[in-house]
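Engineer: Dropping the structure in here first, questions after.
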Amino acid sequence: MSEDYKVKRIKVPRFNEESGFYTTPQRSKIMSKIRGKNTKPELAFRKALYAEGYRYRIDYKKLIGKPDIALPKYKTVIFIDGEYWHGKNWKERKPKVKTNRVFWIAKIERNIQRDKEVNTELTRKGFTVFRFWETEIKKNLDTCLQQTITHLNTVQMSTK
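End of the sequence shown = 190 in my numbering, gap-free, step of one.
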């Protein structure tokens, strides 16, 4: 992480019984089904981007934050974020968290903080960062895709 990022990191408590957190087998089973990679919105966006003729890397480990889609040739990265995990409308949603509040509030606020750190560092390295919400992709795939392609065309024209 960049040294110029001076914000104090949020500490997320461990999610275990010793810390006072309890989970039922049913809840555990539900949580295990949540995917972090290859979600439907990611697959839809990747398929559309590929159809437009752009080649990319997925979950690119060479860059901080492992972007969902990376186009190194264009110095462009794309993240497709889940609303709950990345805190969409967090001020409205935060009071509605009922169980294990200490853990979940810290967890989501740390995710928001990490997203900002990643954006800052990638921008510092010369990358353009796009972040789309999953529902944005589901409802307006063409708009999100067009926004990305317009940027990629601009980059392509400036390198010729």
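Every residue, glycine too, gets a C-beta built ideally from N, C-alpha and C.
In this text, all values refer to a predicted model and were calculated from it rather than measured experimentally.
Label E164 either buried or exposed according to how many other C-beta atoms from any shown protein chain fall within 10 Å of its C-beta, with 16 as the threshold for buried.
Structural biologist: Walking along the sequence shown from the start, residue 164 turns up at place 134. When all chains shown are included, E164 counts as buried.
Engineer: Nearest to A78 by CA position, among K121, C174 and T184, is which residue?
Structural biologist: Counting from 1 along the sequence shown, the entry for residue 78 is found at position 48. For A78, the nearest C-alpha among the options comes from C174.
Engineer: For P125, count the other beta carbons within 10 Å of its own beta carbon; 16 or more makes it buried, fewer makes it exposed. Which is it?
Structural biologist: In the sequence shown, the residue the question calls residue 125 occupies position 95. Flag for P125 reads exposed.
Engineer: Mapping the DSSP letters down to three states, classify I40 as helix, strand or coil.
Structural biologist: Working through the sequence shown from its first residue, we reach residue 40 at position 10. In the structure shown, I40 sits in coil (DSSP, three-state: anything other than H, G, I, E or B).
Engineer: Taking only runs that begin and end inside the segment 46-131, name each unbroken beta strand (DSSP E) of 3 or more residues, in chain order.
Structural biologist: List check, beta strand (DSSP E) in window: 99-101 and 106-111.
Engineer: Rounded to whole angstroms, what is the Cα-Cα separation between K41 and R144?
Structural biologist: Within the sequence shown, the letter at position 11 stands for residue 41. Within the sequence shown, the letter at position 114 stands for residue 144. Spanning the two alpha carbons is a distance of roughly 12 Å.
Engineer: Specify, as a first and last residue, the run of the alpha helix (DSSP H) that K168 falls within.
Structural biologist: As a first step, residue 168 must be located in the sequence shown, where it is residue number 138. Run containing K168: E164 to T189, per the alpha helix (DSSP H) assignment.
Engineer: Answer yes or no: do I3 and V127 have a C-beta to C-beta separation smaller than 7 Å?
Structural biologist: In the structure as shown, the chain starts at 31 and stops at 190, and residue 3 therefore has no counterpart that could be examined.
Engineer: Please report how far the alpha carbon of G66 lies from the alpha carbon of K59, in whole angstroms.
Structural biologist: What you label residue 66 is simply residue 36 of the sequence shown in a count that begins at 1. What you label residue 59 is simply residue 29 of the sequence shown in a count that begins at 1. Using only the alpha carbons, I get a separation of about 15 Å.
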